[in-house]
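With the sequence shown counted from 1, adding 52 to any position gets you the numbering used here.
Inspection log for the structure reproduced underneath, given as structure tokens.
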Amino acid sequence: MIEVSGLTKRFRDRTAVLDLSFSIGRGEVVGLLGPNGAGKTTTLRLLTGYLPATSGTVRVAGFDVFEEPRQARRHIGYLPEVPPLYDAMTVRRQLRFAAELKGLGRALLPAEVDRVAGLTGVTEVLDRLTSNLSKGFRQRVGIAQALVGDPDVLVLDEPTVGLDPIQIREVRDLVRTLGGRHTVILSSHLLPEVAMTCSKVLVLNAGRLVDFDTLDGLIARHLPGRKVTLDDIAFLEEIFGKLVTPA
Ligand code: ATP
């Protein structure tokens with residue numbers, strides 16, 4: 053569903069992402085993990101075609117995001133680092149606007165707004181102004197926007213950042229339910245989040261892909277012989293430390 057090959061992005065003399073290649077199959081939920089400045093946001097912007105690459109290709113649902121951006125974007129829902137919410141709009145208007153931008157016909161708009169609001173638990177705030185929402189609800193509205201049009205691929209940049217522990221759990225549960233039907237790639241600094249939500253982990257360090265595997269695969273290779281459960285997040289901290297610290 054997502055195929056990345058030789059992807060590189062330079063900003064003047066700074067290389068943000070260097071020669072990334074990986075593919076993600078339909079219905080997988082992949083966590084993009086890395087320290088500050090590792091290139092997570094840049095990678096997600098490249099995947100959505102929001103930012104042009106210096107070199108390399110990205111195909112989503114078979115379309116090249118740089119050569120065929122309109123077709124590719126029809127298959128992508130994107131929650132950027134800061135959700136694009138217009139404070140003067142109600143949530144309903146906001147979601148309707150997102151659906152219009154996705155090219156949905158007028159007749160389909162009310163049902164689509166109700167559908168994504170139901171999925172993300174924002175039905176009760178549909179007629180409130182987005183400026184009056186709590187951070188948790190703003191984030192849910194951002195995810196609802198990404199879900200408009202039922203895209204195959206969801207790209208979520210730090211979906212739980214700034215939320216309290218209860219909101220984090222709610223958003224995490226929501227993301228988990230989206231896997232299978234949608235292919236999801238999300239970025240996070242939070243190791244537990246990735247362990248609890250994702251079927252695979254892609255680790256970036258200084259713009260390079262340093263590992264990409266299932267949690268079981270990471271444990272087997274980096275902590276051989278160690279008995280760990282997924283409730284024990286210390287194991288991922290240890291693997292992460294091995295991967296992002298220069299030898
Ligand atoms: P964080 O976890 O702090 O959000 P990140 O892993 O998302 O970090 P990026 O924001 O992708 O990392 O940044 C990767 C590198 O590219 C950093 O060194 C950053 O300073 C640089 N960078 C990102 N965007 C730009 C830009 N528009 N112009 C110049 N440099 C940039």
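Every residue, glycine too, gets a C-beta built ideally from N, C-alpha and C.
Cβ separation of residue i and residue j, assumed to be a contact under 8 Å, to the nearest whole Å
i: Leu-99; j: Val-110; result: 6 Å
i: Thr-182; j: Met-248; result: The pair is not a contact, with the Cβ atoms about 28 Å apart (cut-off 8 Å).
i: Leu-230; j: Leu-206; result: 6 Å
i: Leu-254; j: Phe-63; result: Actually they are not in contact, since the Cβ atoms of Leu-254 and Phe-63 sit about 21 Å apart, beyond 8 Å.
i: Thr-94; j: Val-69; result: 5 Å
Alpha carbon of residue i to alpha carbon of residue j, nearest angstrom
i: Glu-245; j: Arg-224; result: 7 Å
i: Val-117; j: Gly-83; result: 21 Å
i: Arg-126; j: Lys-279; result: 43 Å
i: Ala-151; j: Gln-123; result: 16 Å
i: Lys-187; j: Ile-220; result: 11 Å
i: Glu-210; j: Arg-228; result: 14 Å
i: Ala-272; j: Gly-89; result: 28 Å
i: Gly-114; j: Leu-238; result: 20 Å
i: Phe-333; j: Val-174; result: Any answer about residue 333 is impossible in this case: the structure gives the chain only from 53 up to 299.
i: Tyr-138; j: Val-177; result: 15 Å
i: Arg-158; j: Asp-166; result: 14 Å
i: Gly-91; j: Leu-256; result: 7 Å
i: Arg-79; j: Pro-276; result: Arg is not the amino acid found at residue 79; the sequence shown has Gly there. Roughly 28 Å separates the two Cα atoms.
i: Gly-214; j: Ala-105; result: 29 Å
i: Arg-66; j: His-234; result: 33 Å
i: Glu-120; j: Pro-203; result: 16 Å
For residue i, the nearest candidate out of the options (CA to CA)
i: Phe-264; options: Leu-295, His-241, Met-248; result: Leu-295
i: Asp-71; options: Gly-58, Asp-65, Arg-64; result: Gly-58
i: Gly-86; options: Leu-242, Glu-290, His-274; result: Leu-242
i: Arg-145; options: Leu-103, Ala-196, Ile-128; result: Ala-196
i: Arg-180; options: Pro-121, Phe-292, Leu-147, Ile-291; result: Leu-147
i: Cys-250; options: Gly-259, Leu-226, Val-262, Asn-257; result: Leu-226
i: Val-168; options: Pro-136, Glu-133, Gly-108, Gly-129; result: Gly-129
i: Gly-155; options: Arg-233, Gly-201, Thr-172; result: Gly-201
i: Leu-153; options: Val-112, Pro-217, Ala-198, Gln-191; result: Ala-198
i: Pro-132; options: Asp-268, Leu-208, Leu-267, Ser-240; result: Leu-208
Those residues which DSSP pairs with residue i across a bridge
i: Lys-252; result: Val-82, Thr-266
i: Glu-245; result: In DSSP, Glu-245 forms no bridge with anything.
i: Glu-55; result: Ser-75, Arg-111
i: Thr-60; result: Ser-107
i: His-274; result: Answer is none; His-274 lacks a bridge partner.
i: Thr-336; result: Outside the shown range of the chain (53 to 299) lies residue 336, about which nothing can therefore be said.
i: Val-207; result: Tyr-130, Ile-237
i: Arg-260; result: Asn-257
i: Leu-8; result: Since the displayed the chain opens at 53 and closes at 299, residue 8 lies outside it and no answer follows.
i: Gly-231; result: His-234
i: Asp-116; result: Arg-111
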